[in-house]
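Right, one structure below, let's go through it.
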Amino acid sequence: MGDSSEDKVTMVQGFDNIVQAVEDALNRTEQRWDACLDAATPRISAKMIGKAHQEARKRKVAIRYIIDITKDNVEYCKQIMANSGAEIRHSPGIQGSFGVSDDVYISSIRPIESNGHHVYGIQSTLKPIVEHHRSIFDTMWKTAIPGRLRIRELQEGISIPLLEVIENTRESLDLAYSKIMSAKSEVLIVFSTPNALRRNLPGKGLELLKTAVSHNVKVMLLIPNDVQLENEIKQLRLAIPQIEIRSIDESLKTRITIIVIDRTESFIFETKDDNAVTLDDALGESTHYNSGATSLSFASIFDSLWRQAGLYEKLKEMESMKDEFINIAAHELRTPVLPIVLCAENLEDSLPENENVKVILRNAKRMTKLAGDILDVSKIESKTFRLQKQKSNIVQLIEEAIQDARLKIPEGQQVDIIFESLLPPALEEMVIDKNRIRQVLENLLANAINFTDNGSIRVSVEKDAENQGFIRTSVTDSGKGIDPLIVDKLFGKFVSSSQKAKGTGLGLFLCKAIVEQHAGKIWGKNNIDVKGATFAFTLPYEAS
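Start counting at 1 in the sequence shown, then tack on 892, and there's your number in the working numbering.
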């Protein structure tokens, strides 16, 4: 576009003048020509500006038309496509026409009763007007139907799949209800949230499903898992015994409710306000599809979720059985081991040099720890793991853990444990579960000792420079480092390095759970430039 002083809006009067203005704009444009035409205009466009279309095509101008394609103008539309290489889409009921080139907007309004001399148009080179109408065109383009489908519908009698966006909630609900009432074989529904089910039942929704079932229609519901829904689901099953219901994991909860009828039609309802009591207040826009292909896709998604929900229910049952078994096994394991430990300790006092007694005591303690770890894992997975917090001195706790760790260094292994506290005295007192944090320290120190044949282990505690309000405790060894094969799953269950692996591989998993229950973080990494690895964890002190 030229200098801004040339930007203007002008009235164009007369059929010939408007055609000439369109032809000039099409001849000058270098990049694009977007036009929206009413049902009468394609005949004029095909006949009067066919040459301009051909020239624009040679210049590789991107041409798009949105046209009200009818049986009377379909041949002209095909002619426009042939001459210009344009991409055409169909939108019914267009009134008036307009076009937008690189820098010109042209529109025409032709009253139904007028002749060619009473056609009026507007032409503008003002950039805001050009960009505004280009935006209008782009919006219309997104919802328009591909022209080839419309042409095929008119010439071959093949219906076009319908995508209908309905803004009026009551209108969309009434349409969905009528489709459910006329269902022949099945109705599939995925509720977006537990509240979505509560809003539909009881009331018209319940009566609707009763009627569908009475017509031998299979009704299947997928509902987000929620313990507070158990009573509603029980009542629903009592009211309609034939209905099939499964729960999907809460992580799959969405903001949309999906309804599929006979796998040929479907509805998508957006949730605007999930806390609203009525459907009218809760729902936003809805989309109705009469496309078999689209509805089959939604039905396939439903089928996948249905199968997954079935597996989820079986998995929950197996998890419950597993937890029960682990609890019984761990308790039964610990019960006979405790007296063995006590007896072995008494024997060790009287026979301090006896290797057999040492072996019995060492392995009995390992069995006790294993039983305790298994019980802790079971509590973590069943979400019954609880902390017993109290005010404790973190520095004293670390020093005690280090003293115990020094006693457990195997004979002949030269390992020096060094401790440094950089904490201000005011931050040493923290509200934590003393025994659980001690457990974390013992696990980290045991691992460091296990993988350090000869060398040093440095333990430090300080304010975390990266996270305000947290202290950081680090355990740095000079051993073999973390096996690259387990770096990504370091804090998983039953994970251990093949190098000198000891124990069950539950230690770091428990450390992570304990630290995260304290609202902290834990991580491990190999040292840079020197041998060994560093494990560190943070704990909040502000809450203390």
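Here a beta-carbon is modelled for each residue, glycine too, at the ideal position from N, C-alpha and C.
Since we're looking at a predicted model, the values are computed, not measured.
- Message: Quick check: what's the CA-CA separation for Ser1436 versus Ile1341?
- Response: Residue placement at Ser1436 cannot be trusted, given a pLDDT of 47 that sits under 50; what the coordinates show is reported in the next sentence. About 31 Å.
- Message: Counting beta carbon pairs with one atom in the region 1177-1191 and one in the region 1135-1145, are three or more of them shorter than 8 Å?
- Response: no
- Item | For Arg924 and Ser976, believed in contact at Cβ under 8 Å, the rounded distance | Not a contact, Cβ separation roughly 12 Å.
- Query: Quick one: is Gly894 buried, meaning 16 or more other Cβ sit within 10 Å of its Cβ, or exposed?
  - Reply: Low per-residue confidence applies at Gly894: pLDDT is 41, beneath 50, and the placement is therefore not dependable enough to give any value.
- Item | Buried/exposed call for Leu985, threshold 16 Cβ in 10 Å | Contrary to the premise, residue 985 reads as Gly rather than Leu in this sequence. Classification for Gly985: exposed.
- Message: Taking the straight line between their C-alpha atoms, what separation do you get for Lys1096 and Phe1159?
- Response: 18 Å
- Message: Tell me the rounded alpha-carbon separation between Ile1363 and Gly1304.
- Response: 35 Å
- Burial state of Gln905, where buried means 16 or more other Cβ atoms lie within 10 Å: exposed
- Can you tell me whether DSSP reads Asp899 as helix, strand or coil? coil
- Closest by CA to Lys952, which one among Asn919, Val1379, Phe990 and Thr1103? Asn919
- Based on Cα-Cα distance, which residue from Thr1227, Met940 and Ile1151 lies nearest to Thr1186? Ile1151
- Thinking C-alpha only, which one of Ser1016, Glu979, Gly988 and Ser989 is nearest Tyr997? Ser1016
- Query: If you run the structure through DSSP and keep just helix, strand and coil, what is Glu1245?
  - Reply: coil
- Message: Per DSSP, what are the beta-bridge partners of Asn1346 in this structure?
- Response: Gln1306
- Item | Inter-residue Cα distance where the pair is Ser1070 and Ile1125 | 24 Å
- Query: Leaving out five residues before and five after Asp899 in sequence, what residues of the same chain have Cβ atoms less than 6 Å from its Cβ?
  - Reply: Thr1017 and Leu1018
- Message: Given a cut-off of 9 Å on the beta-carbon distance, is the pair Arg981 and Ala1036 in contact?
- Response: yes
- Query: What separation, rounded to the nearest whole angstrom, lies between the Cα atoms of Asn1246 and Ile1252?
  - Reply: 10 Å
- Item | Validate contact between the region 1189-1197 and the region 1102-1110 using beta carbons, cut 8 Å, 3 pairs | no
- May I ask which residues mark the beginning and end of the beta strand (DSSP E) holding Val1111? Lys1110 to Pro1116
- Query: In the structure shown, what three-state DSSP assignment does Asn1462 receive?
  - Reply: What the structure shows of the chain is the stretch from 893 to 1436, and residue 1462 is not part of that stretch, so it cannot be assessed.
- Item | Residues near Asn1092 by beta carbon distance below 8 Å, same chain, minus five either side | Phe1083, Leu1098 and Leu1171
- Item | Close beta carbons around Cys928, own chain, < 7 Å, minus the five adjacent residues each side | Ile958, Ile986, Ser989, Phe990, Phe1029 and Met1032
- Message: If we require 4 or more residues per run, which alpha helix (DSSP H) segments fall completely within the region 1015-1059?
- Response: 1019-1035 and 1039-1048
- Message: In whole angstroms, give me the CA-to-CA distance for Lys1076 and Ser983.
- Response: 32 Å
- Message: Checking the sheet assignment: what are the DSSP bridge partners for Asn838?
- Response: As displayed, the chain neither begins before 893 nor continues past 1436, which places residue 838 out of reach and without an answer.
- Query: Does the distance from the C-beta atom of Tyr1204 to that of Ser1274 stay below 9 Å?
  - Reply: no
- Message: So for Ser1178, helix, strand or coil by DSSP?
- Response: strand
- Beta carbon of Glu1078, beta carbon of Leu1113: below 9 Å? no
- Message: Rounded to the nearest angstrom, what separates Arg956 and Thr1156 at their Cα positions?
- Response: 32 Å
- Query: Between the region 1265-1273 and the region 1304-1315, do at least 3 Cβ pairs fall closer than 8 Å?
  - Reply: no
- From Val1307 to Gly1399, what distance separates their C-alpha atoms? 21 Å
- Message: Within a Cβ cutoff of 6 Å, which residues of the same chain sit near Asn1339, ignoring the five residues on either side of it in sequence?
- Response: none
- Task: Please look up how many angstroms separate the CB atoms of Ile1378 and Ala1425, rounded, as I've assumed it's under 8 Å.
- Result: About 11 Å separates the two Cβ atoms, so there is no contact after all.
- Message: Rounding to the nearest angstrom, what Cα-Cα distance links Cys1478 and Leu1130 in this structure?
- Response: Beyond the ends of the chain as shown, which are 893 and 1436, falls residue 1478; an answer cannot be given.
- Item | Option in Ile1153, Asn1123, Pro1244 and Leu1431 with minimal Cα separation from Thr1365 | Leu1431
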